[in-house]
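Shown next, in C-alpha cells, is the structure this report addresses.
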Amino acid sequence: FFFILLTRRSKTMSDNAPLLMIPGPTEFHTDILNAMSHKGTSHVDPHFIECFSEAIKSTRDVFLASDGQPFILSGSGTLGWDLTAANFIQPGDEALIVNTGYFGDRFGECLQIYGVKVQHINANAPGDRPSVDSIVSAVKENSNAKLLTITHVDTSTGVRMNLREVCEAVRSVSPDILIAVDGVCALAGEELRMKDWDIDIYLTGSQKAIGVPSGLSITVIRPRALKVFNDYQAKEILPRSYYANVARWLPVMNAYEEKKPSYFATPAVNLVYALRVAYRILLENGGMEERFKEHKNVATDFRNALRNIGYSFVPVKEEYAAYTMSAIRYPNLKDGITSDDFRGSCKKNGIITAGGLHSQIKAEYFRVGHMGLSTRESSHIKRAIDAITEATKECGTNQTKL
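Counting from 1, one number per residue, gives the positions in the sequence shown under the working numbering.
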C-alpha cells in the first residue's frame, strides 16, 4: 500500500518531537494550526460569518447527510450526549445502549442523569461486540424504547460496530426508534453514510480524525429526530438543558448558514476558522471515499506489521477492529519493567501512546491512534512501527518475535 501524501505542506509544527499517536487529540496539519491562529475576530464579523456558513454546509458533506441539520457548538464531543438526552427523549422513557466499552457506559450514565430508563446490550467480553441478532432481540423485547445508542468506535477497546448492518436490522423491526451514534473516534475515518444508513443523530468532537484542536462539539440531526423535537415543542415540553438546547441553537445555526449574524452563546471563533480548513482538506483529493480507504489501508498495514513481531490486539476479531486506532496487548515484559516503562520507551523512540482505559483489562494493553493527518503522512506510521519495535527490544522478553 502506498500512502497518499498531501499536496500542500503537511508537516506538524514540531517535526523532531515525539509524534502524538494517541486516539485523539492527534497531530494537526500546519494549515489548520495557522487558521486557528487567526487574529481576534468578532463572532458577528462578516468574514467570520462567511467562514461559519461554509463550515456548517461542509458538515453535511463530511457526514454524508444531505438532509441533516448540523450543530457546531463550543464544547467537547461529550456535549453531544447532553444534546441528545436533553432534547430527543423524556424522563421515564426507555433507551437501549449498544455497549462495547467505557463510552457506552458513559453515554448510558448521561441519559440516566436526565431521567431516562437505560438498558445495556453488552458485549460478552472486552474486545467483543453485541451481535446484530442480540440487538434486534433487545429492540423487539423493549418495543417501547424511544432511543437506541451505538458507539461507532469505542476508544477503550478499539472495537468498531458494524453500523450499517445494525441500523438496517433495527429499522426492519422498529422503524420509528431514534438511532443516536457516538462517532467521536470514528467520524472522518470510519465509513459513515448517515442519510443512506438512516441514522437520526450522529455526534463527534473536533480533535480526532477531523484534525482540529479540542473544543468543538459537532452533531448532525436528521428529520426523524427533528420531528420528535418539534412534537415536544408543540406540546410545550421544554428541553432540559440551558446550554444544550436545540430550541436556542437551531435558529443560530440557520442564521449563520444563511450568512446572517446571530447569538445565543459565543462560538469558538478561531476553532471554526480551523474547522473550515480541516473540512477542505477532508473533502479534497477524492473526498470522504478516499478518507475511508486511507484509514482502512493504514490500519491494516500497521496491525500487520505489529503481528509480524508478535503482537495481538484487544478486539477478538480483526473485522471488529477500528480503522482509526488500535488497542494493542503489551508484549511479555522483562522482570522489573512496567507498562509505563514500555510506553516511556515508545516516547523516547518517537511516539506518544495511551495506556489502557477499560477497567477490566486496563493494565493489559496500550492504544495507538492512526487517524487524520497520520493516515496521509507516511512517516507517521513508519515512526510508530519503528518506535514500538525498539520499545519491544528494550522492554520485552526473548519470547517476542523480532
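Here a beta-carbon is modelled for each residue, glycine too, at the ideal position from N, C-alpha and C.
Determine whether the beta carbon atoms of residue i and residue j lie at a separation below 8 Å.
i: residue 23; j: residue 369; result: yes
i: residue 63; j: residue 216; result: no
i: residue 386; j: residue 349; result: yes
i: residue 149; j: residue 97; result: yes
i: residue 72; j: residue 59; result: yes
i: residue 223; j: residue 274; result: no
i: residue 311; j: residue 366; result: no
i: residue 68; j: residue 221; result: yes
i: residue 178; j: residue 226; result: no
i: residue 334; j: residue 396; result: yes
i: residue 45; j: residue 107; result: no
i: residue 298; j: residue 381; result: yes
i: residue 140; j: residue 173; result: yes
i: residue 383; j: residue 19; result: yes
i: residue 391; j: residue 345; result: yes
i: residue 211; j: residue 373; result: yes
i: residue 292; j: residue 88; result: no
i: residue 138; j: residue 272; result: no
Can you tell me whether residue i is buried or exposed? The criterion is at least 16 other CB atoms within 10 Å of its CB, across all chains shown.
i: residue 113; result: exposed
i: residue 203; result: buried
i: residue 323; result: buried
i: residue 237; result: exposed
i: residue 208; result: buried
i: residue 307; result: exposed
i: residue 175; result: exposed
i: residue 363; result: exposed
i: residue 29; result: buried
i: residue 258; result: exposed
i: residue 65; result: buried
i: residue 336; result: exposed
i: residue 105; result: buried
i: residue 91; result: exposed
i: residue 37; result: exposed
Once the 5 residues before and after residue i are set aside, which same chain residues still bring their CB inside 6 Å of it?
i: residue 85; result: 110, 111, 114
i: residue 3; result: Unreliable placement is indicated for residue 3, whose pLDDT of 35 sits below 50; the coordinate value is still reported in the next sentence. Excluding positions up to five away in sequence, the list reads 378.
i: residue 357; result: 102, 156
i: residue 243; result: none
i: residue 144; result: 94
i: residue 83; result: 219, 244
i: residue 206; result: 212, 216
Give me, in chain order, the residues of the same chain whose beta-carbon lies closer than 7 Å to that of residue i; leave out the 5 immediate sequence neighbours on both sides.
i: residue 100; result: 123, 129, 151, 154, 157, 159, 161
i: residue 264; result: 248, 249, 252
i: residue 341; result: 395
i: residue 32; result: 211, 212, 274, 277, 278
i: residue 316; result: 127, 128
DSSP three-state label for residue i, please.
i: residue 99; result: strand
i: residue 396; result: strand
i: residue 273; result: helix
i: residue 279; result: helix
i: residue 119; result: strand
i: residue 325; result: strand
i: residue 13; result: Its pLDDT being 46, under 50, residue 13 is placed unreliably in this model, and the coordinates cannot settle the point.
i: residue 264; result: coil
i: residue 72; result: strand
i: residue 205; result: strand
i: residue 250; result: helix
i: residue 30; result: helix
i: residue 244; result: coil
i: residue 354; result: strand
i: residue 313; result: strand
i: residue 8; result: Note on residue 8: pLDDT 43, under 50, position unreliable in the model; the coordinate value appears next. Note: residue 8 maps to coil in three-state DSSP.
i: residue 303; result: helix
i: residue 1; result: Since pLDDT at residue 1 reaches only 35, below the 50 mark, its modelled position is unreliable, and the value read off the structure follows with that caveat. Three-state DSSP puts residue 1 in coil, outside helix and strand.
i: residue 109; result: helix
i: residue 216; result: strand
i: residue 94; result: strand
i: residue 36; result: helix
i: residue 234; result: helix
i: residue 114; result: coil
Pull the bridge partners of residue i from the DSSP assignment, please.
i: residue 179; result: 148
i: residue 365; result: 329
i: residue 221; result: 69, 201
i: residue 154; result: 159
i: residue 20; result: 352
Enumerate in chain order the residues of its own chain whose CB-to-CB distance from residue i is below 8 Å, with the five nearest sequence positions on each side excluded.
i: residue 132; result: 162, 165, 166, 169
i: residue 61; result: 279, 283, 287, 288
i: residue 295; result: 189, 190, 209, 323, 324, 370, 371, 375
i: residue 255; result: 261, 262
i: residue 194; result: 63, 64, 65, 68, 202, 220, 222
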